[in-house]
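Take the sequence shown: its letter number 21 is residue 21 in UniProt numbering, and every next letter is one higher. No residue lacks a Cβ here, since even glycine has one placed at the ideal position from N, Cα and C. Since the structure is predicted, the reported quantities are computational estimates derived from the model, not experimental observations. Working notes, beginning with the structure itself.
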Amino acid sequence: MTDVSTGALPQSDAVDARPAAGLTLLLKHAEQVVKQRLQPLLDEVDLTLDHWRIMSVLLVQPGLTMTTIADSAVVPAATLTRLVDRLAEQAIIVRRIDAADKRRAVVALSPRGQTLARRLRAAEQSVEVDLVSAVGTDRSGALMRDLAVLPHVAG
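See the structure below:
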């Protein structure tokens, strides 16, 4: 478990592996650890973890359609417009008409959004560094690879 006061991960010999917990609960616990570490920075800029997931996707792949963002950021399409509107209000993203299809808009990070996204990504990477320290390079690498593959094999 994470030390709630510091947000630090425990050492590997103290890890409660929660063998009886199902995948849904394990994934939720993992998300909570990351959220606790990112929340102070998100609070500074009045954003949520959903906003960060959108920004994270756009940091890697600028110029995406709303449908692609919803799928990639794992944000329900029904709430995506509201979230993107908030990012636009804060000048974090820009929307443009898709050159290939004038009926669609594409979304990208603004220069301000890129700077903020890099700060958030650095904070997220610090969680990953702590994971490596807590469980070792091999286990953390295997976890990241397995999580990356999961949507493709389970979906």
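Which listed residue (the options) has its alpha carbon closest to that of residue i
| i | options | result |
| --- | --- | --- |
| isoleucine 92 | Met66, Val74, Pro111 | Pro111 |
| alanine 77 | Glu31, Met66, Val149, Thr115 | Met66 |
| alanine 122 | Leu80, Arg103, Leu87, Leu42 | Leu42 |
Three-state secondary structure (DSSP) of residue i
| i | result |
| --- | --- |
| arginine 103 | coil |
| isoleucine 54 | helix |
| alanine 108 | strand |
| valine 94 | strand |
| residue 164 | Outside the shown range of the chain (1 to 155) lies residue 164, about which nothing can therefore be said. |
| aspartate 46 | coil |
| glycine 22 | coil |
| glutamine 114 | helix |
| glutamine 32 | helix |
| glutamine 61 | coil |
Residue j beta carbon less than 8 angstroms from that of residue i
| i | j | result |
| --- | --- | --- |
| leucine 38 | leucine 27 | no |
| leucine 59 | valine 107 | no |
| valine 34 | valine 127 | yes |
| valine 75 | leucine 83 | yes |
| alanine 117 | leucine 109 | yes |
Extent of the continuous alpha helix (DSSP H) to which residue i belongs
| i | result |
| --- | --- |
| isoleucine 69 | 66 to 73 |
| alanine 148 | 137 to 154 |
- Message: Taking contact to mean 3 or more Cβ pairs, one atom from each stretch, closer than 8 angstroms, check whether the stretch 124 to 143 and the stretch 64 to 79 are in contact.
- Response: The stretch 124 to 143 vs the stretch 64 to 79: no contact.
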